[in-house]
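**Q** Numbering (this note's numbering), first residue to last: 16 to 428.
A virtual CB, placed ideally from N, CA and C, is assigned to each residue, including glycine.
Everything numeric in this text was worked out from a predicted model, so none of it was measured.
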C-alpha cells in the first residue's frame, strides 16, 4: 500500500477500528507513516479512536501534538475526538485542558468532558460543567444527561440526580431512555437504597434489560442483600440462559454465602451448556508499543520474568498481610490452588510487566476488558502502597485510580 493515498489508508484504519482490531489499526498507521503519506483529518479521527480503545495514552498525546504542528488543532471535530481519547486513556486533566483551549464548542465537546469527569468519579466537577453548559446556552441532549446522571451516581448526589432526571421531560422535553433509568438504579444502589432502586425498576415504562438487573444485583452484593441478589440472578438465568455473566454473578453470590456445592453446580451447568467464561485481557502501553496479557498466558517474550515478578509481588503482599479472595475463583479447587489461579489474572501480569520495565514512581496504566475482581482490586491497592506507584485501571465499568493503598471508587464498582 506504499503508493496509496491518505484516503485509502484512512479507510483501512477506520475499518480496522470498527471491526475491533485497534492494534492492527495502529500498526497500519505506523506503516502509513513509514511510507511517507501524511495523515488527514479522517486518519487522525481513526487513530484517536484506536488509541481510546487500547488506552494508548502516548499515542493519543502524540496525535494531539501532531494536530498542533499541522495547524489543525482548532478543529472542533478533532478536538472532540482528542478529548474522548485522552479521557478513555485515563488523562482526564489533559482532556479538560483541550476542552478549555477550544475557541468553539459543541454539545459533544461538553458531553465528552462531563463523561470523562464522571467516569473517574469526579462527580461534582462533572455537574459543575453541566451547569456551565446550561449557563452559556448550550442545550443538553440525552447523552449529556447520561453523563450528569452518572456523575451524580458516582458522587452520591442522590437528590441532585433525581432532580436532573425529572428535568429531562419537564424542562427539556427529552423522554428518558433505558440508559437513564439504568443510571438512576445505579445511583440508588450505590447509596444503599436497594428498595428504592427496585421500585424504580418496576416503574420503568420499558422492559428492564440484563444490565439494569445486574446493576441491581451489584447493589445487593455491596449492601448485604444477598437473598434478593440471588433471586434476581436466578430470574436472569431463566430468561437469558446463554449469558455467561449471569452464571458468574450467581456463582459470586454463592461464594459470598459459602454455598460451595451450589457454586460448583453453576460450573457444571456452564459446562453442560458449553458456556465458557470470557478470558480476562489487559493492555498496557510502554515506549509506544501496546502489550497484551491474558490470564495464565505465556506468550509474551518476557513471560518468565513477568511471572517471577508476580510471585515476588505475592510474597510482598503476604508479608503485609494480604489474603487472597479465593471466593472469586469459579473452579472447584482447594484453597491453595485457588490462590494460584487468582495470582495469574491478566491485570496482575500487566502491572508486573510495567514494574519490571519502568523506574520507581512511574505511573502504571492498564486497560481491562472485564470487571476487576475483588481480589485483584485488593491486590492493586496493596501494590500501590508497597511499591509506591499510582496505578490507573480502566475496567468494563469505570476508572480506578489506586494510590497509597486506596482506590478512587471507594470499593464500589
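As an exercise, report each continuous beta strand (DSSP E) stretch of at least 3 residues that is fully enclosed by the region 354–385, in chain order.
**A** 379–383
**Q** Assuming residue 132 contacts residue 104 (C-beta within less than 8 Å), just tell me the rounded distance between them.
**A** Looking up residue 132 in the chain shown gives position 117. Looking up residue 104 in the chain shown gives position 89. No, residue 132 and residue 104 are not in contact; Cβ-Cβ is about 15 Å, not under 8 Å.
**Q** Whole angstroms are fine: how far does the CA of residue 334 sit from the CA of residue 327?
**A** Residue numbering aside, residue 327 sits at position 312 when the chain shown is read from its first letter. Residue numbering aside, residue 334 sits at position 319 when the chain shown is read from its first letter. Distance between the alpha carbons of residue 327 and residue 334: 11 Å.
**Q** By alpha-carbon positions, which one of 308, 367, 309, 310 ends up nearest to residue 329?
**A** Here residue 329 corresponds to residue number 314 of the chain shown, with the count starting at 1. Selected option, being the one with the closest Cα: 367.
**Q** What residues match up with residue 298 in a beta bridge as DSSP calls it?
**A** Taking the first residue of the chain shown as position 1, residue 298 is located at position 283. BP columns for residue 298 point to 307, 382.
**Q** Going by the DSSP bridge assignment, what does residue 418 pair with across the sheet?
**A** On the chain shown, position 403 is the one that residue 418 refers to. Residue 418 is bridged to 421.
**Q** Could you check if residue 181 is buried or exposed, using at least 16 other CB atoms within 10 Å of its CB as the buried criterion?
**A** Within the chain shown, the letter at position 166 stands for residue 181. Burial call: exposed.
**Q** Is it right to say residue 23 is buried, meaning 16 or more other beta carbons lie within 10 angstroms of its own, or is it exposed?
**A** Residue 23 sits at position 8 when you count from the first residue of the chain shown. By the 10 Å Cβ count, residue 23 comes out exposed.
**Q** I'd like the list of long-range same chain contacts for residue 312, defined as Cβ closer than 8 Å, with 5 residues on each side in sequence excluded.
**A** Reading the chain shown from its first residue, position 297 is the one you call residue 312. Taken in chain order, the residues that qualify are 318, 361, 364.
**Q** Are the beta-carbon atoms of residue 176 and residue 163 separated by less than 9 Å?
**A** Reading the chain shown from its first residue, position 161 is the one you call residue 176. Reading the chain shown from its first residue, position 148 is the one you call residue 163. Yes, the pair counts as a contact, with Cβ atoms nearer than the cut-off.
**Q** So the alpha helix (DSSP H) residue 98 belongs to, where does it begin and stop?
**A** Taking the first residue of the chain shown as position 1, residue 98 is located at position 83. Element bounds for residue 98: 91–103.
**Q** Can you tell me which of the three DSSP states residue 404 falls into?
**A** As a position in the chain shown, residue 404 is number 389, starting the count at 1. In this structure, residue 404 counts as coil in the three-state DSSP scheme.
**Q** Consult DSSP for residue 409 and reduce its assignment to one of helix, strand or coil.
**A** The sequence position of residue 409 within the chain shown is 394, counting from 1. Here residue 409 sits in strand by DSSP.
**Q** Mark residue 166 as exposed unless 16 or more other C-beta atoms lie within 10 angstroms of its C-beta, in which case mark it buried.
**A** Residue 166 sits at position 151 when you count from the first residue of the chain shown. Buried, because 16 or more other Cβ atoms sit within 10 Å of the Cβ of residue 166.
**Q** So, are the CB atoms of residue 281 and residue 266 less than 9 Å apart?
**A** Along the chain shown, one-based indexing puts residue 281 at 266. Along the chain shown, one-based indexing puts residue 266 at 251. Contact flag set, yes.
**Q** Three-state secondary structure (DSSP) at residue 71?
**A** Translated into the one-based positions of the chain shown, residue 71 becomes position 56. The answer is coil: DSSP assigns residue 71 none of H, G, I, E or B.
**Q** Between 403, 378, 407, which lies nearest to residue 392 when the distance is taken from Cα to Cα?
**A** Start at 1 with the first residue of the chain shown, and residue 392 comes out as number 377. It is 407.
**Q** Under 6 Å Cβ to Cβ from residue 66, same chain only, skipping five residues before and after it: list those, please.
**A** Reading the chain shown from its first residue, position 51 is the one you call residue 66. Here the set comprises 74, 75, 100.
**Q** Answer with buried or exposed for residue 383, where buried requires no fewer than 16 other C-beta atoms within 10 angstroms of its C-beta.
**A** By one-based count along the chain shown, residue 383 stands at place 368. Burial call: buried.
**Q** By a C-beta neighbour count over all protein chains shown, 10 Å radius and 16 as the cutoff for buried, is residue 302 buried or exposed?
**A** Translated into positions along the chain shown, residue 302 becomes position 287. By the beta-carbon neighbour count (other beta carbons within 10 angstroms, threshold 16), residue 302 is exposed.
**Q** Could you give the DSSP three-state label for residue 171: helix, strand or coil?
**A** As a working note, residue 171 is residue 156 in the chain shown. Residue 171: coil per DSSP, three-state reduction.
**Q** Sort 398, 400, 385, 126 by Cα distance to residue 410 and report the nearest one.
**A** Along the chain shown, one-based indexing puts residue 410 at 395. Looking at the Cα atoms, 385 is the closest of the given residues.
**Q** Only counting the same chain, and skipping five residues up and downstream in sequence, which positions put a Cβ closer than 6 Å to that of residue 417?
**A** Residue 417 sits at position 402 when you count from the first residue of the chain shown. Result list for residue 417: 395, 396, 399, 406, in chain order.
**Q** Can you tell me the Cα-Cα spacing of residue 63 and residue 78, whole angstroms?
**A** As a position in the chain shown, residue 63 is number 48, starting the count at 1. As a position in the chain shown, residue 78 is number 63, starting the count at 1. Straight-line Cα distance between these residues: approximately 7 Å.
**Q** Helix, strand or coil for residue 116? Go by DSSP, reduced to three states.
**A** Within the chain shown, the letter at position 101 stands for residue 116. Coil at residue 116, not helix or strand.
**Q** Counting only runs that start and end within the region 223–258, where is the alpha helix (DSSP H) found for 4 or more residues in a row?
**A** 225–237, 241–254
**Q** Assign residue 150 to one of two classes, buried (16 or more other C-beta atoms within 10 Å of its C-beta) or exposed (fewer than that).
**A** As a working note, residue 150 is residue 135 in the chain shown. Residue 150 is exposed by the Cβ-count criterion.
**Q** Does the distance from the C-beta atom of residue 258 to that of residue 225 stay below 9 Å?
**A** Along the chain shown, read from residue 1 onward, the residue named residue 258 stands at position 243. Along the chain shown, read from residue 1 onward, the residue named residue 225 stands at position 210. Yes, these two residues count as a Cβ contact at 9 Å.
**Q** Applying the criterion that 16 or more other CB atoms from any shown protein chain within 10 Å of the CB defines a buried residue, is residue 293 buried or exposed?
**A** The residue given as residue 293 occupies position 278 in the chain shown. Looking at its Cβ environment, which holds fewer than 16 other Cβ atoms inside 10 Å, residue 293 is exposed.
**Q** Out of curiosity, what's the CA-to-CA distance linking residue 30 and residue 188?
**A** Here the question's residue 30 lines up with position 15 in the chain shown. Here the question's residue 188 lines up with position 173 in the chain shown. C-alpha separation (whole angstroms): 36 Å.
**Q** Figure out for me which residue from 195, 331, 202, 158 has the closest Cα to the Cα of residue 138.
**A** By one-based count along the chain shown, residue 138 stands at place 123. Out of 195, 331, 202, 158, 202 has the C-alpha closest to the C-alpha of residue 138.
**Q** Between residue 227 and residue 21, what straight-line distance do the alpha-carbon atoms span, to the nearest angstrom?
**A** Working through the chain shown from its first residue, we reach residue 227 at position 212. Working through the chain shown from its first residue, we reach residue 21 at position 6. One C-alpha to the other measures close to 43 Å.
**Q** Span of the alpha helix (DSSP H) holding residue 198?
**A** On the chain shown, position 183 is the one that residue 198 refers to. Here the alpha helix (DSSP H) through residue 198 covers 193–205.
**Q** Buried or exposed: where does residue 390 fall if 16 or more other Cβ atoms within 10 Å of its Cβ makes it buried?
**A** Within the chain shown, numbered from 1, the residue matching residue 390 stands at position 375. Residue 390 should be labelled buried.
**Q** Suppose you measure from the CA of residue 208 to the CA of residue 234; what does that come to, to the nearest Å?
**A** Residue numbering aside, residue 208 sits at position 193 when the chain shown is read from its first letter. Residue numbering aside, residue 234 sits at position 219 when the chain shown is read from its first letter. Residue 208 and residue 234: Cα-Cα distance of roughly 9 Å.
**Q** Can you tell me the Cβ-Cβ gap for residue 36 and residue 60, rounded? I've got them flagged as a contact below 8 Å.
**A** Indexing the chain shown from 1 puts residue 36 at position 21. Indexing the chain shown from 1 puts residue 60 at position 45. Contact between residue 36 and residue 60 is absent: CB atoms are separated by about 16 Å, not below the 8 Å threshold.
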